[in-house]
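Colleague:
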Amino acid sequence: MKKILGNTNISISNIVLGCWAMAGDYFGAADDQLSIATIKKSLDLGINTFDNAEFYGQGHAEEVLGRALQGVDRDQYVLITKVWKTNMSRETMPKACEGSMKRMGVDYIDVYFLHYPITEVPIGEIMDTIMRLKEQGKIGAIGVSNFSVEQIEQALRYGTIDVVQPCYSLLWRYIDRDLLPYCRHRGMGVIPYSSLAQGLLTGTLKADTVIDDGRKNSALFQPGIYEECLKVTEFIKKIGEAHGKTPSQVAINWLANTPGITAPIVGGTTPQYMIENFEAVNWTMSADEYHAIDDFSKSITDKMPEFELFFSTTVKS
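In the working numbering, the protein residues as written are 582 to 898.
1) What's the call for Ala778, buried or exposed, on a 16-neighbour Cβ count within 10 Å?
2) In three-state DSSP terms, what is Thr785?
3) Closest by CA to Asp911, which one among Ser750, Gly770, Arg671, His766?
4) So Ile593 and Leu586 are in contact, right, with Cβ under 8 Å, and what is the actual spacing, rounded?
5) Consult DSSP for Ser654 and reduce its assignment to one of helix, strand or coil.
6) Please state whether DSSP places Ile628 in a helix, a strand or coil.
7) Give the DSSP-derived three-state secondary structure of Ser681 in the structure shown.
8) Does the Cβ of Glu706 lie closer than 7 Å to at least one heavy atom of the ligand GDP?
9) Quick one: what's Gly640 bridged to in DSSP?
10) Could you check whether the segment 824-835 touches the segment 641-650, counting it as contact only if at least three pairs of C-beta atoms, one from each stretch, sit closer than 8 Å?
11) So what does Thr662 bridge to, in DSSP terms?
12) What does the Cβ neighbour count give for Leu890, buried or exposed, with the cut at 16 atoms within 10 Å?
13) Could you check the C-alpha separation between Lys884 and Asn590 for me, to the nearest Å?
14) With H, G and I counted as helix, E and B as strand and the rest as coil, what does DSSP make of Ile820?
15) Beta carbon of Leu752, beta carbon of Val813: below 8 Å?
16) In this structure, what does DSSP give as the bridge partners for Lys897?
17) What residue range is occupied by the uninterrupted beta strand (DSSP E) comprising Leu598?
18) Using CA atoms only, rank isn't needed, just tell me which of Ala634, Lys583, Asp612 is closest to Ile601.
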């Protein structure tokens with residue numbers, strides 16, 4: 582099944598393959614050949630939309646994706662990638678865009694994202710530059726990631742925004758308050774990342790699991806909070822057992838059926854993971870189950886501090 586991305590004419594798959602884990606950095610070493618097999622399996626399943634960024638492995642994830650897509654007709658897949666904070670000036674963004682296209686072996690990018698808001702370059706200059714890339718046909722649509730409603734409003738003074746990419750899952754729900762209703766009202770596409778809270782919602786992590794990669798510095802993996810998060814996983818595990826589904830499949834299904842969400846981004850480093858992710862959206866939970874999960878999730882997340890980012894432990898003042 583395909584979804585129209587916000588107010589664009591871009592048709593994307595109902596889940597998006599996130600490529601960060603293929604970079605071989607934050608999540609630890611990655612096998613390029615296995616990553617390529619995972620991308621190819623995704624295409625076989627009908628998952629034709631891929632989320633990437635020049636920051637992932639300093640371009641390595643884009644290179645791997647490009648290798649996997651060699652020989653595939655360009656109109657058979659949708660590419661999403663992001664420009665990093667250091668490349669948002671009038672001089673550097675066009676070069677960064679060209680670099681991403683070269684690494685992925687294409688002559689246009691379907692959706693180009695500003696990866697994070699910055700203050701070093703005026704937002705007017707940033708938006709003017711990305712709008713020019715769109716006018717030149719190098720990108721099809723404009724997205725912003727990790728922007729607040731206020732920051733989106735500032736950017737809209739100087740150009741258009743078609744889609745947003747926030748962090749959102751059963752364990753990270755800050756956008757429920759303002760960003761998600763705002764996007765629904767404006768018809769903006771929403772493709773959230775960290776849909777499985779970087780593994781916390783998979784059922785594979787336990788209270789005594791040793792986390793020895795980049796996640797150990799993330800907000801939800803801190804002592805006390807980590808254990809609370811696992812309570813949500815245990816709750817959805819019980820829901821899943823009634824349907825023969827894994828906790829991951831329940832978490833993805835809940836997200837895919839949340840009003841305002843276009844399609845969740847899900848990571849996958851093996852073909853088997855992508856089969857599991859694909860099957861996550863091919864079953865129906867009842868309305869009572871959806872609301873029970875929703876309510877239990879909120880009972881945990883409502884008690885959490887308001888962290889600035891998923892990837893740090895800084896609490897908003």
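Positions of the beta carbon are idealized from the N, C-alpha and C atoms, including for glycine.
Modeller: If we stick to the structure as given:
1) buried
2) coil
3) Because the chain is modelled from 582 through 898, residue 911 falls outside the range shown and cannot be assessed.
4) About 5 Å; that satisfies the 8 Å criterion.
5) The amino acid occupying residue 654 in the given sequence is Asp; Ser does not appear at that position. Of the three classes helix, strand and coil, the one that applies to Asp654 here is coil, per DSSP.
6) coil
7) For Ser681, the three-state secondary structure derived from DSSP is helix.
8) In the structure shown, the ligand GDP is absent, as is every other ligand, since no ligand is present at all.
9) Looking at the DSSP assignment, Gly640 forms no beta bridge with any residue, so it has no partner.
10) Cβ pair count under 8 Å is below three, so no.
11) Tyr693
12) exposed
13) Their Cα atoms are separated by approximately 40 Å.
14) helix
15) yes
16) Secondary-structure assignment with DSSP links Lys897 through no beta bridge to anything.
17) 597-599
18) The amino acid at residue 601 is misidentified as Ile; the sequence shows Trp. Comparing Cα positions, the closest option is Ala634.
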